[in-house]
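Each remark here refers to the structure printed beneath this line.
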Amino acid sequence: MPLGDAMMTQRAVRRVLPDPVDDAVVLKCIELALRAPTGANGQNWEFVVVKDQRSKDKLARRYRQAWWIYHNAMIRRVAARDESMAKITRAVQWQVDHFAEIPVLVVACLRLGVRDGKLPLVPLPHAAESGYYGSIYPSVQNLLLAARAMGLGASLITLPLWSVTSARRALGLPHSVTPCCVVPLGWPRGRYGPTTRRPVGEVTHLDTYGNRPWRDT
Ligand SMILES: Cc1cc2nc3c(=O)[nH]c(=O)nc-3n(C[C@H](O)[C@H](O)[C@H](O)COP(=O)(O)O)c2cc1C
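Quick note on this note's numbering: the sequence shown kicks off at 11 and runs consecutively.
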């Protein structure tokens, strides 16, 4: 599908079928993800494709616990008076309840260290976080778009990784590898609905913050 169409319709599709997804399709999505940039071309990414039932069960438990806390502490009150948040809440609840049935979970990770002995990835003060996580999220967006183009349902989620220690244990990750987010993949139950986003003129500033000449266009 044309890239623009994929971008305009890519959204969090949480309700997916338990039917298997071919490894070839998953690997193609990851291959496309790898076209993304990384800091200093470090390519310090690792993708763990989780299909094993016990591993999915473990992550599902973590997701349920994290969602329970997050929902009760923050989301519930907002959802009570905001229908769009209530809708998201119902979709997340569905995903939490069916997480272990989702055929494939791709865990996008970053490895801290040297690549081919060439470049030590030294943490830098201010740019550290941006540079570090900035080396995984472009690839994750590529993964989401690839999934969209192939008709797969996908979403970017982080709550199952609430405890990094526990996630590392569930996935057998060494300390040098940090799980950043999970992309559950499956054939969608429904259709890709439209996305709702703020207008471009509202969030775009010219030269200085607050100068928004395109606001009313
Ligand atoms: C950093 C990040 C973390 C997210 N974590 C979760 C999550 O744990 N669970 C979930 O259901 N959605 C999660 N989302 C998905 C957002 O809720 C979703 O992208 C947003 O509601 C827009 O949805 P739409 O693309 O369908 O319009 C996350 C998104 C981002 C960018």
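Backbone N, C-alpha and C define an ideal beta-carbon position, used for all residues, glycine too. Only a predicted model underlies this, so the values are computations on that prediction, with no experimental measurement involved.
Cβ pair residue i, residue j closer than 8 Å
i      : j      : result
LEU153 : VAL213 : no
LEU166 : PRO189 : no
ILE146 : ALA118 : yes
THR205 : ARG21  : yes
SER140 : ALA46  : no
ALA89  : MET95  : yes
VAL36  : VAL114 : yes
VAL31  : GLY211 : no
HIS215 : ARG222 : yes
VAL106 : TYR80  : no
Heavy atom of ligand 1 within 7 Å of residue i beta-carbon
i     : result
ARG71 : no
THR99 : no
Cβ neighbours of residue i in the same chain (closer than 7 Å, five flanking residues each side left out)
i      : result
ALA16  : LEU155, ARG158, ALA159
GLU56  : CYS119, ARG121, VAL187
ARG225 : GLY211, GLU212
GLY144 : GLY49
GLY200 : ARG25
Close-in-space but distant-in-sequence residues of the same chain around residue i (CB under 8 Å, 5 per side omitted)
i      : result
PRO198 : VAL23, ARG25, VAL26, LEU27, GLY161, LEU162, GLY163
In DSSP terms, what residue i is bridged to
i      : result
ALA118 : PHE57, CYS191
GLY200 : According to DSSP, which records beta bridges pairwise, GLY200 is partnered with nothing at all.
ALA164 : LEU195
VAL26  : PRO198
Neighbourhood of residue i by C-beta, 6 Å cutoff - its chain only, sequence neighbours within 5 removed
i      : result
ASP67  : ALA110
ALA76  : LEU169, TRP172
CYS39  : LEU153, ALA156, ALA157
ALA138 : none
ALA177 : LEU171, PRO189
Neighbouring residues (CB closer than 5 Å to any heavy atom of ligand 1): Put simply, the residues with a CB less than 5 Å from any heavy atom of ligand 1 are ARG21, ALA22, VAL102, LEU166, ILE167, THR168, LEU169, THR205, in chain order.
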